[in-house]
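Scroll down for the structure; my scribbles are underneath it.
In mature numbering (1 follows the signal peptide of the UniProt record, and there is no 0), the protein residues as written are -31 to -1, 1 to 275.
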């Protein structure tokens, strides 16, 4: 039965729904209009990491460099041609793990070019490019420490970096009770690595390529090594705002060109086959170049997406 009160409320409800629809469309339009903003501002803001070697880090001259940075800059070169802006300015913004997604959502950066894993949870907040690298989460431990199973972590103090998939996964493992360990969060990878070197922790879980990059930079490969167990599959992508379809398509076109032309082989060798670092291209990484995809990471031990 429709009462007079219900009839009175109907216009208010319709107005509220219209407002929700309007603001929803406005938010979507804002996300989808990044290319227009870039064209008008004649600049693009790229988020980079301070110490995610060899993907994204600041060199001795405090300039952002790395594998992911090179791929982003290649996409920018293609954007210059597409937008007819040969003088398009690139503004680099250093972002940390916990703040990279908020800064992207707030519009402080347009692309995040680091070592960010594409996960189901993150897909609800941001969009990703095609996979640019596939890492595996392992632990860095002192030489002589064996980690071939979860039980090998029993009783160990584990240093994790805040805002990372390794922090999330190891908190889940601790809560599951499969291994009694103490998980201690640190501000970033550098601090977690220092805790391991100083003996405050016995293991530092992170993506294997990042661990090797840190250890090589600090010349610690003779005292530390990677545990044998892989805890997860970590596909990296370039992050963009949710619903930013035009920019996403432009970045994916650039990556497709680089993959199909074989240019990716030289870029990979430049950063992963050096005098101080040698990381062979994995089958999963190679497959992502042959068949570009956006598959989310998986925590193999727990059997679900991270």
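For each residue, glycine too, the CB sits at the ideal point set by N, CA and C.
Taking C-alpha positions only, residue 259 is separated from residue 237 by approximately 14 Å. Following the DSSP letters along the chain, one finds residue 221 inside the alpha helix (DSSP H) bounded by residues 214 to 230. Assigned with DSSP and collapsed to three states, residue 54 falls in coil, not helix or strand. Counting every other CB atom within 10 Å of its CB across the protein chains shown gives residue 223 a total of 16 or more, marking it as buried.
Per DSSP, reduced to three states, the secondary structure at residue 195 is strand. If you draw a 10 Å sphere on the C-beta of residue 203, you find 16 or more other C-beta atoms in it, and that means buried.
In this structure residue 210 is not in contact with residue 125, their Cβ atoms being roughly 39 Å apart against a cut-off of 8 Å. If you look at residue 104, you'll find it in the beta strand (DSSP E) that goes 102 to 111. Between residue 79 and residue 7, the C-beta gap is smaller than 8 Å, which places the two residues in contact. DSSP places residue 134 in the helix class (H, G or I) of the three-state scheme. Contact between residue 161 and residue 118 does not hold, since their C-beta atoms are separated by about 22 Å, which reaches or exceeds 8 Å. Per DSSP, the unbroken alpha helix (DSSP H) holding residue 70 starts and ends at 69 to 74. Apart from the 5 residues on each side of it in sequence, residue 184 sits with its Cβ closer than 6 Å to the Cβ of 190, 193 in its chain, given in chain order. Between the alpha carbons of residue 155 and residue 136 lies a gap of roughly 10 Å. Collapsing the DSSP output to three states places residue 200 in coil.
Residue 24 sits away from residue 107, with the two beta carbons spaced by 8 Å or more.
Between the alpha carbons of residue 187 and residue 163 lies a distance of about 10 Å. Taking the Cα positions, residue 168 is about 43 Å away from residue 221. Rounded to whole angstroms, the separation of the alpha carbons of residue 149 and residue 138 is 14 Å.
Cβ contact annotation for residue 115 (same chain, cutoff 8 Å, sequence separation greater than five): 121, 196, 197, in chain order.
A residue is called buried once 16 or more other Cβ atoms fall within 10 Å of its Cβ, and residue 230, having fewer, is exposed.
DSSP, reduced to helix, strand and coil, places residue 116 outside both helices and strands of the structure shown, so it counts as coil.
One Cα belongs to residue 110, the other to residue 84, and the distance between them is close to 21 Å. Each residue's CA atom was taken as its position, placing residue 16 and residue 166 some 29 Å apart. Ranked by how close their Cα comes to the Cα of residue 67, the residues 91, 51, 255, 239 have 91 in first place.
The beta carbons of residue 13 and residue 62 sit no closer together than 8 Å. In the three-state scheme derived from DSSP, where H, G and I count as helix and E and B as strand, residue 24 is classed as coil. The alpha-carbon of residue 127 is positioned some 14 Å away from that of residue 134.
Nearest in C-alpha terms to residue 175, of all of 4, 64, 22, 252, is 22. Cα atoms of residue 216 and residue 151: separation of roughly 42 Å, rounded to the nearest angstrom.
Look at residue 3 here: in three-state DSSP terms it is helix. In this chain, the alpha helix (DSSP H) harbouring residue 257 covers 252 to 259.
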